[in-house]
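This report concerns only the one structure given below.
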Amino acid sequence: MRFKDKVVLVTGAGRGMGRAIALAYAQEGARVVVSARTPRHGEETVAQITSLGGEAHLVGGDIADRAAVKAMVEGGMERFGALDILVHCAADTARGLISEMADDTFDHLVRSNIQSLFWLAKDCAPYLSRASDKGRVIFISSGEANRKYTPTLIPYSSSKAFMNAFARGLAVEFGALNILVNVIEPGLIGTDHMFESLGEEVPHRLAEHFPVPRLGQSTDIADAALFLTSNEASYITGTSLLVDGGATMVAMPKVEEILKGH
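Counting in my numbering, the sequence shown runs from 16 upward without gaps.
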């Protein structure tokens, strides 16, 4: 029960990594503010938490909307009266060639993956700074931020590289506010969204080439989040933790060959 009585806001908590993170905190005693763009998915996460005897509160979850971001932060405060940890997992994963991508598709990705960082940091800071020990911010980035190029992922990869740089600067600014800021960079994680994007076969074929030859699990990312917001990580800020089974060390031609046509 490392997080007993802590309040955690998790964006993108409707399914996948976000849900796993929300459940992990609840299992260790935290009260969880569940942000999910699809209400049904958010309700399922809340139901799972309450079935475990935990406390959870559902708020709106469209991180591309300024008013919605403010409402999710204020909604959590109204329910629990505090905020100790922010884990920002929600993101847009638009894929396509730059030469063929619609302007509004790219604009929405920027609002979801870049502007949301500013909005959440600004809105959460006053509450996180009053945390009982130290406020914590975790941004869920991607191993793609470390790659030179992956087919059809230029906008997504670039937005995650921005996230990493933003977090490093934020760690310095927020240090004076008693807030630690860190990043987790997942590799290829076996989520519903990932299988919907790449199909059932391609992810497993890619993972065969990793130093740890398996797909990552959402619980791998949840474990990393728990560590980086625990007392054991109280002297860690401004860093990126790569949780990818060594995927970013795989020769790119192998990845490009497998992804061709997907």
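Glycine included, each C-beta is placed from N, C-alpha and C at the ideal position.
What residues in its chain sit with their C-beta under 6 Å from that of residue i, if we drop five residues either side in the sequence?
i	result
residue 235	258
residue 176	160
residue 129	174 and 177
residue 72	48 and 94
residue 33	25, 27 and 104
residue 90	74
So residue i is in the beta strand (DSSP E); what residue range does that whole segment cover?
i	result
residue 166	Unbroken run through residue 166: none, as it is neither H nor E.
residue 61	First-last for residue 61: 54–66, but that is the alpha helix (DSSP H), not the beta strand (DSSP E).
Can you round the beta-carbon distance between residue i and residue j to whole angstroms, since I take them to be within the 8 Å contact cut?
i	j	result
residue 230	residue 222	5 Å
residue 37	residue 64	7 Å
residue 40	residue 47	6 Å
residue 208	residue 154	With 8 Å as the limit, residue 208 and residue 154 do not qualify as a contact, their Cβ atoms being about 18 Å apart.
residue 261	residue 226	3 Å
residue 182	residue 253	7 Å
residue 99	residue 151	7 Å
residue 255	residue 193	So it is not a contact: roughly 21 Å between Cβ atoms.
residue 204	residue 156	About 12 Å; that fails the 8 Å criterion.
residue 22	residue 45	7 Å
residue 18	residue 59	Between residue 59 and residue 18 the Cβ distance is about 22 Å, and since that is not below 8 Å, they are no contact.
residue 140	residue 189	7 Å
Determine the extent of the alpha helix (DSSP H) in which residue i is found, giving its start and end residues.
i	result
residue 124	118–125
residue 143	131–143
residue 89	81–95
residue 32	31–42
So who's on the other strand from residue i, going by DSSP bridges?
i	result
residue 73	49
residue 246	Answer is none; residue 246 lacks a bridge partner.
residue 24	48 and 101
residue 150	194
residue 113	For residue 113, which the question treats as bridged, DSSP gives no partner whatsoever.
CB-CB under 7 Å to residue i, same chain, minus the five flanking residues each way: which ones, in chain order?
i	result
residue 169	113
residue 56	29 and 30
Which same chain residues end up closer than 8 Å to residue i when comparing Cβ atoms and leaving out the 5 residues on each side of it in sequence?
i	result
residue 123	79, 107 and 109
Taking 7 Å as the cut-off, does the CB of residue i come closer than this to any heavy atom belonging to the ligand GDP?
i	result
residue 227	The ligand GDP is absent from the structure shown, which contains no ligand whatsoever.
Which runs of the beta strand (DSSP E) spanning at least 3 residues fall entirely within the region 201–259, listed in chain order? 255–258
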